[in-house]
Amino acid sequence: MTAARGEGTAEDRAPKKEIDEERVPSGRGGRLLPDAGAWTRTLTLGTERAPLEPPVDLARALGAASERWMPAALALTAQVKRFTRAAAPELRVGAPLPAPHHPPLGPRARRLLRRACERGADAALVGAIWRALDRTGRSLHPFDLHDLDGLFGHDFARADPLVAAWLDRTSVRRTSHGDRSTPAADDADLDGDDPLWSMLGPAERAERLAAERRRDSAGARLRLARGLSSEPAATRERLVRALRSGLGPDDAAFLESLATDRSSKVRDAALELLAQIPGTARNSEMVDDLVARIEPVRGTPSLGRKSLRLRCPERLSTVGQRVTWALSTFMCVPFDLLCARLERDPFELARAARPDPVLQTLLLALDSLWPSHRHDDGAEGKSLDDVLPLARRDLVLALAVGRRDSALFDSQLLRRLLDPSRLDGLPDALLLTEVLGQLPGAADDLRFVRALVDSRALSDALDAAAQDREQDVPRLFGELLASIALLVPTEDRAALRARLSRLPVDLRNSALERLALLEAIETDPGTDLPAPSAPSR
Amino acid sequence: MGAVPQFALEDLERLAPDQSSLTAARKLLKPAKWPLLAHDDEFLWSQHQGSGSTPYLTVLAASDQGYKCTCPSRKFPCKHVLALGWLAAESPELFSPGGEHPQWILDWLSRRRPKAAAPDDDPDGAGSKANAPRVSIRAATAAATASDEKSGPASQERSKASRERNRRAREESIDAGLVEFDRWLDDQLRSGLARLAAQPGDGLRVIARRLNDAKAQGLAVRIESLASQLSSMPSERRLATLATALGEFHLLVQSYRRRDLLDDALRADARRALGWTTTRDELEADPSTERIAGVWSVLAVRDEVQADRLRRFETWIVSHRPGTAEPRVAVIVDYVPVAAGGATTSPYTTGDVFEGELLFHPSAVPLRAVATSAGLQPIDAAPDLRAALGDQGLEAALERCDSTFARLPWLDYVPVRVADVELTQSLADGSHWLRDRADGTAVPLATDAADRSLRPLEGVPLERAFGLWDGQQFELCLAETHLGRWSRP
Chain A
-7 MTAARGEGTA
3 EDRAPKKEID
13 EERVPSGRGG
23 RLLPDAGAWT
33 RTLTLGTERA
43 PLEPPVDLAR
53 ALGAASERWM
63 PAALALTAQV
73 KRFTRAAAPE
83 LRVGAPLPAP
93 HHPPLGPRAR
103 RLLRRACERG
113 ADAALVGAIW
123 RALDRTGRSL
133 HPFDLHDLDG
143 LFGHDFARAD
153 PLVAAWLDRT
163 SVRRTSHGDR
173 STPAADDADL
183 DGDDPLWSML
193 GPAERAERLA
203 AERRRDSAGA
213 RLRLARGLSS
223 EPAATRERLV
233 RALRSGLGPD
243 DAAFLESLAT
253 DRSSKVRDAA
263 LELLAQIPGT
273 ARNSEMVDDL
283 VARIEPVRGT
293 PSLGRKSLRL
303 RCPERLSTVG
313 QRVTWALSTF
323 MCVPFDLLCA
333 RLERDPFELA
343 RAARPDPVLQ
353 TLLLALDSLW
363 PSHRHDDGAE
373 GKSLDDVLPL
383 ARRDLVLALA
393 VGRRDSALFD
403 SQLLRRLLDP
413 SRLDGLPDAL
423 LLTEVLGQLP
433 GAADDLRFVR
443 ALVDSRALSD
453 ALDAAAQDRE
463 QDVPRLFGEL
473 LASIALLVPT
483 EDRAALRARL
493 SRLPVDLRNS
503 ALERLALLEA
513 IETDPGTDLP
523 APSAPSR
Chain B
5 MGAVPQFALE
15 DLERLAPDQS
25 SLTAARKLLK
35 PAKWPLLAHD
45 DEFLWSQHQG
55 SGSTPYLTVL
65 AASDQGYKCT
75 CPSRKFPCKH
85 VLALGWLAAE
95 SPELFSPGGE
105 HPQWILDWLS
115 RRRPKAAAPD
125 DDPDGAGSKA
135 NAPRVSIRAA
145 TAAATASDEK
155 SGPASQERSK
165 ASRERNRRAR
175 EESIDAGLVE
185 FDRWLDDQLR
195 SGLARLAAQP
205 GDGLRVIARR
215 LNDAKAQGLA
225 VRIESLASQL
235 SSMPSERRLA
245 TLATALGEFH
255 LLVQSYRRRD
265 LLDDALRADA
275 RRALGWTTTR
285 DELEADPSTE
295 RIAGVWSVLA
305 VRDEVQADRL
315 RRFETWIVSH
325 RPGTAEPRVA
335 VIVDYVPVAA
345 GGATTSPYTT
355 GDVFEGELLF
365 HPSAVPLRAV
375 ATSAGLQPID
385 AAPDLRAALG
395 DQGLEAALER
405 CDSTFARLPW
415 LDYVPVRVAD
425 VELTQSLADG
435 SHWLRDRADG
445 TAVPLATDAA
455 DRSLRPLEGV
465 PLERAFGLWD
475 GQQFELCLAE
485 THLGRWSRP
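Chains as they are written, first to last, in the working numbering: chain A, -7 to 529; chain B, 5 to 493.
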């Protein structure tokens, strides 16, 4: 029953389409197994439509049970297949990845790194890992690249030739199993011939596209542009929205070309993204529109010009629609630009606001969305206090997201806004760390981070979290502490660890793990890589 | 380290999902079954040697009665959690200070969310729990005591006779189910496999359900898994895969039906494949059980979700027995309900090292094993895995696989240890192959074009490797290279 190994030809490895292309060894099995072609036909159509006589030897072997010869033949065929090894085609050994330019991390740091990334790494964690590697002259281990794949952005690739080679070899845009050095292979790349792409559903493609945008935003945009017109409208819309990841001025031309798409949903999606790119016509329109809608409230002499009102579009009939519109609009408009267009100094604009001038000013504008509360507190079951924390957070994030660069952090206004001494309790501490995570300039400002660690707000928040563990607070607070752990300078980690020690373990766990990871990277002894061995047999 | 966190028995009554859970917990209070009972100021945690191959890991939080257990029970909390709290309430002296939290507790803590206020806090008393029938520690204790009183010789005889009756009834039920399977298979062959291949889910799940009803759960799960496998593969490959699988099922059914003609080991294999189980206690009580004690390294951990909503973890381990016989490979199988959460992980990680004794299930190819009641104890050691992986070439390894398959034809795959191989790619279609660096023998790897996990191994000699061979493809699980150890993500 056992067939010899290595029989068959390279053609045997062609994709198997039907049973008759399997190696059913009717010859080798003597008359135990039926002819392959007839066998496939009978299996496919059934014995009623394609009757088949049992092979002589099989019928003899089964004796009285030969009426059920077909299941026996099935079992025999399965066993023959198991003992038949496919012949190897012509094979090549792929080129190895380049050797790491620094000693790769040792086992402990590798284990902690993989564990941290298994749980999902955000930009702040990736940045901290990169800086720690850079400081200590260590490289990622080549065998970890796959596990850490989702982390790499341009900065990482620029800093580490190994990562660059990995991305070049494995990125969606350049995935091809052929020889990378041939012109044909390069042509295939230009065609964006990703074997998986066409097999993925819209959601998976959008996810893949968003991930690639983080690594190579231009390449991902080119991939999208190539096949987009042949997709259904719903898919086109979904894929276009995936461009939100890594959105920048370079995307403007492509998005403008979609403004004439045959689907209104695609057009809307493109316009929404265009509106978020400063300098585009759409963004300017939104700024103009917003400026026109922020008006001084007349008839309130005590507040003078400090009181503002936001006039929402009339088509928005519900409070929810108006809130959504206001937040999404502010999200698109850099605050500095808004101030400039209103021809008001930010401090003047914010003068009457407490405790935070900028936010309070915008909230006063937002406040006009609830006209009832000023006169009939709680008439709609919702007062300003109810929406205040959420609105503050969203609006500050809008500022940060709108201009994610160090210039924003350097603006005097934002620095005052983020002054740790002005923070008040857990919500503000959360807000601050989220903004810090988005502004590289802030994360690099050690004075600022130290001020945060020493701040009364953090201290209050630690106390509050230790006492009050209701609902979402612990989870959010754990995230907050994990964010802080990445920002704290090396020499201040012991102090932070001491402050964390009085917290319940589930609140401090994530922060401690991150501290341990960074310390493991920074103190890693590295791994010496010996030369590859020759075959020993 | 402070005192053991206190649990009131009333808390357990409130926590228990039903009376039977509490009664079951009562039966677990014998300290001998708990290799580990530890505590700190906030948590109790333990290992309990249950019916699974590895001890169940249980943790219970004092502050909010949050809990986690690795047992496959679908009751929440399970009897292990309740028993842990019960032990803390009645026998706190059994707990020792735990020191640093084990990693599995830290993993749980990083994912958990604190419990919301219990319905009992509802001032109106309208919470669902408040209206549920009360469960009682007293009733659980009374039931356990009554059970103990009934455990005299006469009662044991009755229990034995009852078990024998149940066994015979199940045999008859399975035999009837297999007759039905034969009839179903004949029908498929009469009408052709094309329709079943096109719509595998409906047709296969019908017969799987019937086999499940007939108590042939093992075969039922295989058939359900086939349905899932076919549904996820390109249509042009389904017919061949379906025919092969049906042939293997037929072979298994015929073997089981003629079990009286098989030797003991193969008969045990056939029974296990159909769904009969052997408990650890039965293995321990059987003098013919093969036992191997030693130091074991984890080579691979695989997991898959079965059609019966259980996540199956396979932990492949190898023994270190320098200077004695050839290293032995074994697989420990654990099940965890999918309801326990997608993030549920195996208690083992590739590279972990343990010491302890394994009991091997009787088999023509003894691979599956369970730890003895004493459990496997992690040790801080780094034994030479290269020695355990041997130095045989690919051709010799595959020859041994053939002889293994010949002994147990329905074995899914055989563990393979091999030396001096390398990763290669087909010039024709880009598929990955594992090739012997010395003689050029090559086998296709179980991977697809989208799998990038193998890419770091390109151009890197694999000095030693471990994988699983199903007769068609090789699943590479671990490799030792000059760059260090690679393991399948």
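Note that beta-carbon positions come from the ideal geometry of N, C-alpha and C, so glycine has one too.
- Secondary structure at histidine 436/B: strand, using DSSP grouped into helix, strand and coil.
- With a threshold of 8 Å between beta carbons, serine 235/B makes no contact with chain A.
- Where valine 72/A is concerned, the enclosing alpha helix (DSSP H) starts and stops at 61 to 74.
- Under the three-state reduction of DSSP output, alanine 225/A falls in the helix class.
- Any Cβ of chain B closer than 8 Å to the Cβ of proline 224/A would place that residue at the interface, and such an atom is absent.
- One finds nothing in chain B with a Cβ atom closer than 7 Å to the Cβ of alanine 490/A; even the nearest lies about 17 Å away.
- Excluding the 5 residues flanking it on each side, alanine 64/A has same chain C-beta neighbours closer than 7 Å at Leu50 and Leu54, in chain order.
- Counting C-beta pairs with one atom in each stretch, the segment 12 to 27 of chain B and the segment 86 to 106 of chain B have three or more that are closer than 8 Å, which means they touch.
- Below the 7 Å Cβ cutoff, chain A contributes Leu83 as neighbours of arginine 439/B, in chain order.
- It is roughly 25 Å from the alpha-carbon of alanine 87/A to the alpha-carbon of arginine 421/B.
- Our two residues, alanine 231/B and methionine 237/B, have alpha carbons roughly 10 Å apart in a direct line.
- The criterion of a C-beta distance shorter than 8 Å is satisfied by histidine 138/A and serine 457/B.
- Taking a cut-off of 8 Å on C-beta distances, the segment 260 to 279 of chain B touches the segment 367 to 379 of chain B, as three or more cross pairs fall below it.
- The alpha helix (DSSP H) runs of length 4 or more contained entirely in the segment 398 to 432 of chain B are, from start to end of the chain, 398 to 411.
- Residues Tyr417 of the same chain have their beta carbon placed closer than 6 Å to that of aspartate 474/B, with the five preceding and five following residues left out of the count.
- A direct Cα-Cα distance of roughly 15 Å separates histidine 324/B from threonine 354/B.
- At a Cβ-Cβ threshold of 8 Å, phenylalanine 253/B and arginine 226/B count as neighbours.
- Residue-level contact check: glycine 518/A does not touch chain B, since none of the beta carbons of chain B fall below 8 Å from its beta carbon.
- When DSSP states are grouped into helix, strand and coil, glycine 219/A belongs to the helix group.
- Assigned with DSSP and collapsed to three states, cysteine 73/B falls in strand.
- Near chain B, meaning a CB-to-CB distance below 9 Å, the residues of the segment 59 to 72 of chain A are Arg60, Met62, Pro63, Ala64, Ala65, Leu66, Ala67, Leu68, Thr69, Ala70 and Gln71.
- Distance from the Cα of phenylalanine 470/B is smallest, within the candidate group Arg459/B, Leu482/B and Leu461/B, for Leu482/B.
- The beta carbon of proline 351/B sits closer than 7 Å to those of Thr58, Leu61, Thr74 and Trp108, all from its chain and outside the five residues before and after it, given in chain order.
- Between the segment 157 to 169 of chain B and the segment 27 to 47 of chain A there are fewer than three C-beta pairs closer than 8 Å, too few to call the two in contact.
- According to DSSP, glutamate 361/B shares a beta bridge with Ala297/B.
- The beta carbon of tryptophan 158/A sits closer than 7 Å to the beta carbons of Leu89 and Leu137 from its chain, once the five residues preceding and following it are set aside; these are given in chain order.
- In this structure, DSSP gives tyrosine 339/B an extended state, which the three-state scheme calls strand.
- Under the DSSP assignment, isoleucine 227/B falls in the alpha helix (DSSP H) whose first and last residues are 221 to 235.
- Its chain contains Gly89, Ala92 and Ala93 as the residues whose beta carbon lies nearer than 6 Å to that of phenylalanine 11/B, once the 5 sequence neighbours on both sides are disregarded; these appear in chain order.
- Within a 10 Å sphere around the beta-carbon of glutamine 71/A sit 16 or more other beta-carbons, which makes this residue buried.
- Lysine 72/B is classed as buried because its beta carbon has at least 16 other beta carbons within 10 Å across all chains shown.
- Residues Pro194, Arg197, Ala198, Leu201, Leu216, Leu220 and Glu223 of the same chain have their beta carbon placed closer than 8 Å to that of leucine 231/A, with the five preceding and five following residues left out of the count.
- Identification of residues in the segment 193 to 209 of chain B having a C-beta nearer than 7 Å to some C-beta of chain A yields Leu193, Arg194, Ser195, Gly196, Leu197 and Ala198, given in sequence order.
- Contact between glycine 397/B and threonine 376/B fails: their C-beta atoms lie close to 35 Å from each other, not under 8 Å.
- Burial state of proline 81/B is buried, judged by a 10 Å Cβ sphere holding 16 or more other Cβ atoms.
- Residue-level contact check: glutamate 294/B does not touch chain A, since none of the beta carbons of chain A fall below 8 Å from its beta carbon.
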